[in-house]
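Enquirer: Add 130 to a position in the sequence shown, counting from 1, and you land on the number used in my numbering. Note that CB positions come from ideal geometry on N, CA and C, so glycine has one too. Predicted, not measured: the structure shown is a model, and the values here were computed from it.
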Amino acid sequence: SYLGDPVNVAGGTGLENSTFIDGLNSTDPFFGSTGTKLPYNFVREFQVKTGGYEAEYGGSMGGIFNVVTRSGGNEWSVSGFGYFNNSSLTADATLGAAELTSRGADVYDFGVDVSGPIVRDRLWFFAAYNPFFASADVEIPGQGLYRDERTEHLFATKLDWRAGDDTDVVLSVFGDPTTWDRVGGGPFTQPDTLLSPGPLLNRIEDGGVNMHLEGSHRVGSSAVIDLGLGYSYRDFFNGPRTGDEEARYDLIPAGAIGGGFGEFYSYEGQRISARLAGTLVAGSHTLKAGVDYEDSALKPYRTGNSEPGVILDWGPGTDEECVEASFGCRYWVIFLDDAGGADLRGRVPTVYAQDSWEVSRRLRLNFGIRWDGQYLVDSEGSVGQSIGDQWQPRLGLVWQPGEVGTQKITASAGRFYQRMSLRLSSNFYNGAPQNGIIAYRGDPRSDGVPVDTLDVFCCSIQPERDLTGSHYDELTLGYERSLGREFRIGATGTLRTLREVVTIGTEAPPGTAQIGNIVGNPGSGELDFLDPAERDYYALQLVFDWLGRDDLRLSASYVLSRTEGNYPGLYDSDARLLFPHQSSIFERVEQMPMNDGLLPNDRTHAFKLWGSYRFGFGLSAGTFFTVQTGTPLSRYESIDIAFRQAFLSQRGSEGRTPTVWDFNIRLQYPIQFSSSRGWNANLIADFLHIGNPQDAVLVDQLQQFGGGVANPTFAEALAFQDPFAVRLGFAVGF
Numbered sequence: 131s132y133l134g135d136p137v138n139v140a141g142g143t144g145l146e147n148s149t150f151i152d153g154l155n156s157t158d159p160f161f162g163s164t165g166t167k168l169p170y171n172f173v174r175e176f177q178v179k180t181g182g183y184e185a186e187y188g189g190s191m192g193g194i195f196n197v198v199t200r201s202g203g204n205e206w207s208v209s210g211f212g213y214f215n216n217s218s219l220t221a222d223a224t225l226g227a228a229e230l231t232s233r234g235a236d237v238y239d240f241g242v243d244v245s246g247p248i249v250r251d252r253l254w255f256f257a258a259y260n261p262f263f264a265s266a267d268v269e270i271p272g273q274g275l276y277r278d279e280r281t282e283h284l285f286a287t288k289l290d291w292r293a294g295d296d297t298d299v300v301l302s303v304f305g306d307p308t309t310w311d312r313v314g315g316g317p318f319t320q321p322d323t324l325l326s327p328g329p330l331l332n333r334i335e336d337g338g339v340n341m342h343l344e345g346s347h348r349v350g351s352s353a354v355i356d357l358g359l360g361y362s363y364r365d366f367f368n369g370p371r372t373g374d375e376e377a378r379y380d381l382i383p384a385g386a387i388g389g390g391f392g393e394f395y396s397y398e399g400q401r402i403s404a405r406l407a408g409t410l411v412a413g414s415h416t417l418k419a420g421v422d423y424e425d426s427a428l429k430p431y432r433t434g435n436s437e438p439g440v441i442l443d444w445g446p447g448t449d450e451e452c453v454e455a456s457f458g459c460r461y462w463v464i465f466l467d468d469a470g471g472a473d474l475r476g477r478v479p480t481v482y483a484q485d486s487w488e489v490s491r492r493l494r495l496n497f498g499i500r501w502d503g504q505y506l507v508d509s510e511g512s513v514g515q516s517i518g519d520q521w522q523p524r525l526g527l528v529w530q531p532g533e534v535g536t537q538k539i540t541a542s543a544g545r546f547y548q549r550m551s552l553r554l555s556s557n558f559y560n561g562a563p564q565n566g567i568i569a570y571r572g573d574p575r576s577d578g579v580p581v582d583t584l585d586v587f588c589c590s591i592q593p594e595r596d597l598t599g600s601h602y603d604e605l606t607l608g609y610e611r612s613l614g615r616e617f618r619i620g621a622t623g624t625l626r627t628l629r630e631v632v633t634i635g636t637e638a639p640p641g642t643a644q645i646g647n648i649v650g651n652p653g654s655g656e657l658d659f660l661d662p663a664e665r666d667y668y669a670l671q672l673v674f675d676w677l678g679r680d681d682l683r684l685s686a687s688y689v690l691s692r693t694e695g696n697y698p699g700l701y702d703s704d705a706r707l708l709f710p711h712q713s714s715i716f717e718r719v720e721q722m723p724m725n726d727g728l729l730p731n732d733r734t735h736a737f738k739l740w741g742s743y744r745f746g747f748g749l750s751a752g753t754f755f756t757v758q759t760g761t762p763l764s765r766y767e768s769i770d771i772a773f774r775q776a777f778l779s780q781r782g783s784e785g786r787t788p789t790v791w792d793f794n795i796r797l798q799y800p801i802q803f804s805s806s807r808g809w810n811a812n813l814i815a816d817f818l819h820i821g822n823p824q825d826a827v828l829v830d831q832l833q834q835f836g837g838g839v840a841n842p843t844f845a846e847a848l849a850f851q852d853p854f855a856v857r858l859g860f861a862v863g864f
């Protein structure tokens, strides 16, 4: 996705995926984004499920990703790798309206791993370390050059123990401590309006440690029992750099920003997970049933401003016209200081059962049922919100017409629920006001008079007893056929229909400036003033594989799709904000008109070609090429506050960003060591974004601010494709 979120799957946004490592959930419980990073040399296999999956998988309205990690064996192995890129190996970048110029960029990525036996045939180990360093000097217009540095220390170790002839135990420990002194601000920080550098001097501290304990026991020749236990700890801080804790202030609508970075949030995240599953092969049936349990916590979650942040001159009116505090009048506004410190929890129990029945050599039927419960626990230890009615039936069919093994027809139907992130709890079940606002008549830094106080997010709210979890229904139909021994073709049709979402609605009681924040299902209950949430995804995917030669592999896919409705998803694609369950365009009555149409991640056509070829003299080449149509454009105006918008024309009706293409090649050449038996080495060169197209991938669609003030960057490109670059590398092993 070029919209700022992780990879999008089947119409979903990047916060709707679930990521697993060796079958245990590693998704970030706060935002719902991709969780722990793994060392590159610890990954053995990356599995992707985009739909039609069995009852044992859930918690996602996007895709399911599972990483299978490497293990040691009876043979000792040592290997290493390294990659390097800098500004001299990269073409000049085309900058968008809000992007900054970087100079002297350097990127280093290297690693080493060791594996082997501790006790032959019984106990093995694997250990990997993969540090990453990136740095550049970034120019802030009118303020000078500032250092941007990111450091990651990715590590992993794993023990595999054959405890008995029928019992295996695996213990994994891995982590990803990261620090980033970033030059960049939030989505409302325009670099060319800065009065000081502070609003762009950001500090991010992230990462933690994860432990997995897994056991597998075979019962006779037809049954297996699997047990998994997991614990993860994550320490997160996003705020100003040390020594730059000055308050940030904004002059609106003048558009100038000064002071420091301002807002921060931090938490210590923990997750305890457990799973127990049993598989039984009984004649033509393969039965599997299991229970999962997850308990995620933020201890404590804190948010606020490094000092009370000031927003100056808000709104279109004049002091004489204002008699009550209102966003529609000119006031000096000050954000309250840190009011966080709450302990928040989320609990998810799961039960599932499924059967794969081989009716005949040609026909297999799959049945499954899954139940999830979701319980958000507030800072007082009480259940702030519970959702229990999450039954998810799954059906599947595989039929092989003609000669067995040459053709396959598949079909599936199912319901899939999304796991709620704790970001929702941090705003509404934390027991204390956050981001409160005091409105002033006059400059609060001198002689301002306080007029009113407004809590944007406040305190624990009353649970919605009839709340339905976010979920969709899916139908798929596919056909696959082998053409001789060399070719395979396939076609799959997919329909996903959003049935319900959990979101935040804001309603202003008549005659007041207070905004009532309500968690619910739009179109029903207390959110009946909003339209029901809609999102439909239709797709036809064609695939082609050529497997005819040992030295050549070639695959291609084409997807014709449509994503439409009024609700983009958990990632706010309209304003590009990481606020799960909160939308800049789906909160208030005045945002409903013209809010139905092509959604921001709709791409009509997407073509991908990838393959590899091994030359006779040892050189290998791999390639990836893609072409995809642009995304829909709309016209917005901001209302009330900067991140709340309404449409000025029908959603998605203002054309599209340009069609983009990308072409990449990897060359790898082996080096032989005649005097060192067992050693091998490869030199690697990656040629990225060949042709240097640098087309626009993101366009400013906000036409005007509140009160009709024009946005000077409307219709300008905010971001372009990355420039052509060469990355050099090596890999060695023994």
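When you compare each of VAL237, GLY785, ASP239, ASP222 to THR231 by their alpha carbons, which one comes out closest?
Expert: For the purposes of this step, residue 231 is identified with residue 101 of the sequence shown, where counting begins at 1. Of the candidates VAL237, GLY785, ASP239, ASP222, ASP222 places its Cα closest to the Cα of THR231.
Enquirer: In three-state terms, what does DSSP make of THR480?
Expert: As a working note, residue 480 is residue 350 in the sequence shown. DSSP places THR480 in strand when its eight states are reduced to three.
Enquirer: Given a threshold of 16 other Cβ atoms within 10 Å of its Cβ, counted over all protein chains shown, does GLY514 qualify as buried or as exposed?
Expert: Residue mapping note: residue 514 aligns to position 384 of the sequence shown, counting from 1. By the neighbour-count rule (16 or more Cβ atoms within 10 Å), GLY514 is buried.
Enquirer: Go ahead and pull the three-state DSSP assignment for VAL299.
Expert: As a working note, residue 299 is residue 169 in the sequence shown. Strand, per DSSP.
Enquirer: Between ARG611 and GLN537, is the Cβ-Cβ spacing less than 9 Å?
Expert: As a working mapping, residue 611 is identified with position 481 in the sequence shown. As a working mapping, residue 537 is identified with position 407 in the sequence shown. For ARG611 and GLN537, yes; Cβs fall inside 9 Å.
Enquirer: Look at the alpha carbon of GLU784 and the alpha carbon of THR761, and state the distance between them as a whole number of angstroms.
Expert: Walking along the sequence shown from the start, residue 784 turns up at place 654. Walking along the sequence shown from the start, residue 761 turns up at place 631. Going by the C-alpha atoms only, they are around 10 Å apart.
Enquirer: With H, G and I counted as helix, E and B as strand and the rest as coil, what does DSSP make of ASP526?
Expert: Residue 526 sits at position 396 when you count from the first residue of the sequence shown. With the sequence shown as reference, residue 526 is identified as Gly, and Asp is not the correct amino acid for it. Looking at GLY526 - three-state DSSP - the assignment turns out to be strand.
Enquirer: Can you name, in chain order, every residue of its own chain whose Cβ lies under 6 Å from the Cβ of PHE870, other than the five neighbours on each side?
Expert: Only positions 131 to 864 of the chain appear in this structure, which leaves residue 870 out of reach.
Enquirer: Is DSSP giving TYR170 helix, strand or coil here?
Expert: Counting from 1 along the sequence shown, the entry for residue 170 is found at position 40. It is helical.
Enquirer: If you follow the beta strand (DSSP E) that ASN799 is in, where does it begin and where does it stop?
Expert: As a position in the sequence shown, residue 799 is number 669, starting the count at 1. It should be noted that the sequence gives Tyr, not Asn, for residue 799. Run containing TYR799: 790–801, per the beta strand (DSSP E) assignment.
Enquirer: Evaluate SER713 with the Cβ neighbour count: other Cβ atoms within 10 Å of its Cβ, from every protein chain shown; 16 or more gives buried, anything less gives exposed.
Expert: Numbered from its first residue, the sequence shown carries residue 713 at position 583. Per the 10 Å Cβ criterion, buried.
Enquirer: Would you check if there are 3 or more beta carbon pairs closer than 8 Å linking the stretch 167–184 to the stretch 198–215?
Expert: yes
Enquirer: Does the separation of the CB atoms of LEU677 and VAL632 fall below 9 Å?
Expert: Within the sequence shown, the letter at position 547 stands for residue 677. Within the sequence shown, the letter at position 502 stands for residue 632. Their beta carbons are not under 9 Å apart, which means LEU677 does not touch VAL632 by this criterion.
Enquirer: Does the distance from the CB of ALA258 to the CB of PHE240 come in under 9 Å?
Expert: Position 128 of the sequence shown, counted from the start, is the residue given in the question as residue 258. Position 110 of the sequence shown, counted from the start, is the residue given in the question as residue 240. No.
Enquirer: Starting from the Cα of ALA861, find the closest Cα among ASN812, ASP816, ALA840, ALA847 and give me that residue.
Expert: For the purposes of this step, residue 861 is taken as the residue at position 731 of the sequence shown. Selected option, being the one with the closest Cα: ASN812.
Enquirer: Using DSSP's beta-bridge definition, name the partner residues of TYR697.
Expert: Taking the sequence shown and counting its residues from 1, the one referred to as residue 697 is at position 567. TYR697 is not bridged to any residue.
Enquirer: Flag this pair as touching only if the stretch 177–186 and the stretch 822–836 have three or more C-beta atom pairs under 8 Å; answer yes or no.
Expert: no
Enquirer: According to DSSP, is GLN721 helix, strand or coil?
Expert: Residue numbering aside, residue 721 sits at position 591 when the sequence shown is read from its first letter. In the structure shown, GLN721 falls within a helical segment according to DSSP collapsed to helix, strand and coil.
Enquirer: Go ahead and label PRO800 buried or exposed: buried means 16 or more other beta carbons lie within 10 angstroms of its beta carbon, across all protein chains shown.
Expert: Within the sequence shown, the letter at position 670 stands for residue 800. With fewer than 16 other Cβ atoms within 10 Å, it is exposed.
Enquirer: If distances are taken between C-alpha atoms only, which option among GLY863, THR372, ARG857 comes closest to ALA235?
Expert: Start at 1 with the first residue of the sequence shown, and residue 235 comes out as number 105. The residue from GLY863, THR372, ARG857 with its alpha-carbon nearest to that of ALA235 is ARG857.
Enquirer: Return the Cβ separation of GLY389 and ARG378 in integer angstroms, given the expectation that the two are a contact with Cβ distance under 8 Å.
Expert: As a first step, residue 389 is located in the sequence shown; it is residue number 259 there, counting from the start. As a first step, residue 378 is located in the sequence shown; it is residue number 248 there, counting from the start. Contact flag correct, Cβ pair sits at about 4 Å.
Enquirer: Pairs of beta-carbons, one from the stretch 328–345 and one from the stretch 391–410, closer than 8 Å: are there three or more?
Expert: yes
Enquirer: Hey, would you say GLY859 sits closer than 9 Å to PHE214, going by beta carbons?
Expert: Taking the first residue of the sequence shown as 1, we reach residue 859 at position 729. Taking the first residue of the sequence shown as 1, we reach residue 214 at position 84. Yes, these two residues count as a Cβ contact at 9 Å.
Enquirer: GLU107 to PHE394, Cα distance in whole Å?
Expert: Because the chain here runs from 131 to 864, residue 107 falls outside it and cannot be looked at.
Enquirer: Do LEU474 and LEU525 have their CB atoms nearer than 9 Å?
Expert: Start at 1 with the first residue of the sequence shown, and residue 474 comes out as number 344. Start at 1 with the first residue of the sequence shown, and residue 525 comes out as number 395. The answer is no: Cβ separation not under 9 Å.
Enquirer: Among PRO788, GLU664, ARG744, ALA427, which residue has its Cα nearest to the Cα of PRO159?
Expert: Counting from one through the sequence shown, the residue named residue 159 turns up at place 29. Per the Cα distances, ALA427.
Enquirer: ASP658: beta carbon under 8 Å from a heavy atom of the ligand ZN?
Expert: No copy of the ligand ZN appears in this structure; indeed no ligand is present at all.
Enquirer: Whole angstroms are fine: how far does the CA of GLY748 sit from the CA of GLN802?
Expert: Here residue 802 refers to the residue found at position 672 of the sequence shown. Here residue 748 refers to the residue found at position 618 of the sequence shown. If I take the Cα positions, the gap works out to 10 Å.
Enquirer: Write down every uninterrupted run of the beta strand (DSSP E) in the stretch 705–753 whose length is 3 residues or greater and which is fully enclosed by it, in chain order.
Expert: 735–744
Enquirer: Assuming PHE727 and GLY782 form a contact by the criterion Cβ under 8 Å, report the distance between their Cβ atoms to the nearest whole angstrom.
Expert: Counted from its first residue, the sequence shown places residue 727 at position 597. Counted from its first residue, the sequence shown places residue 782 at position 652. What sits at residue 727 in the sequence shown is Gly, not Phe. Going by Cβ atoms, the distance from GLY727 to GLY782 rounds to 4 Å, so yes, they are a contact pair.
Enquirer: Do the CB positions of THR416 and TRP529 come within less than 9 Å of each other?
Expert: By 1-based counting over the sequence shown, the position of residue 416 is 286. By 1-based counting over the sequence shown, the position of residue 529 is 399. For THR416 and TRP529, no; Cβs fall outside 9 Å.
Enquirer: Thinking ASP732 and ILE715 are a contact (beta carbons under 8 Å), I'd like their distance in whole angstroms, please.
Expert: What you label residue 732 is simply residue 602 of the sequence shown in a count that begins at 1. What you label residue 715 is simply residue 585 of the sequence shown in a count that begins at 1. Not a contact, Cβ separation roughly 15 Å.
Enquirer: Under the three-state reduction of DSSP, which class applies to THR323: helix, strand or coil?
Expert: Position 193 of the sequence shown, counting from 1, holds the residue named residue 323. Correct three-state label for THR323: helix.
Enquirer: From the DSSP output, read off the bridge partner residues of GLU488.
Expert: On the sequence shown, position 358 is the one that residue 488 refers to. Answer is ARG494.
Enquirer: Work out the CA separation of GLY162 and LEU145 for me, nearest whole Å.
Expert: Residue numbering aside, residue 145 sits at position 15 when the sequence shown is read from its first letter. Residue numbering aside, residue 162 sits at position 32 when the sequence shown is read from its first letter. So the two alpha carbons sit approximately 5 Å from each other.
Enquirer: Look at the alpha carbon of ILE814 and the alpha carbon of ASN216, and state the distance between them as a whole number of angstroms.
Expert: The residue you call residue 814 lines up with position 684 of the sequence shown. The residue you call residue 216 lines up with position 86 of the sequence shown. Going from the Cα of ILE814 to the Cα of ASN216 covers about 16 Å.
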